[in-house]
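Written below as structure tokens is the structure these notes are about.
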Amino acid sequence: MARILIIDDEPNILLMLKKMLERSGYTVDMAINGMEGLELFRKFPADLIITDIVMPEKEGLETIREIRNEYPDVKIIAISGGGRIDSTEYLASARLFGASRIFQKPFKQKEILSAVKELLET
Numbered sequence: 008m009a010r011i012l013i014i015d016d017e018p019n020i021l022l023m024l025k026k027m028l029e030r031s032g033y034t035v036d037m038a039i040n041g042m043e044g045l046e047l048f049r050k051f052p053a054d055l056i057i058t059d060i061v062m063p064e065k066e067g068l069e070t071i072r073e074i075r076n077e078y079p080d081v082k083i084i085a086i087s088g089g090g091r092i093d094s095t096e097y098l099a100s101a102r103l104f105g106a107s108r109i110f111q112k113p114f115k116q117k118e119i120l121s122a123v124k125e126l127l128e129t
């Protein structure tokens, strides 16, 4: 079964996504920032990454760029509720940096699950 890495500094988002994805049969790893996410990904490569954009330590855009450079084929979903600027600007940048799909928080669980299934099938 596919392995998914979730990177988000909000524990409730991490747990909600983890439960939803595990119920659908995926193996799920979690990290609270981009630095931890990259370390975990290098040890346990995932088939797909779901990352928040605005986080401490190493934020999502930098994380996406690094992952894309090292692992050009991994699928990435970027999520954001905004920060210093509107989430749509963060998400537009995430798309430019290589995110396969983008979602604004709050998102519908079934939309994320549908995107995960679609990306893993391609």
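For the sequence shown, the residue numbers in the working numbering are 8 to 129. No residue lacks a Cβ here, since even glycine has one placed at the ideal position from N, Cα and C. Fair warning: this is a prediction, and the values are worked out from it, not measured in the lab.
Contact check for Ala53 against Ala85 fails: the beta carbons are separated by 8 Å or more. Where Val35 is concerned, the enclosing beta strand (DSSP E) starts and stops at Thr34 to Ala38. Arg75 carries a helical assignment under DSSP once its states are collapsed to helix, strand and coil. Here Ser87 carries a strand assignment [DSSP, helix/strand/coil]. For the pair Asp16 and Met62, the CB atoms are nearer than the 8 Å cut-off. In this structure, Leu12 places its C-beta atom within 8 Å of the C-beta atom of Asp36.
If you check the CB distance, Ile74 and Phe48 come in under 8 Å.
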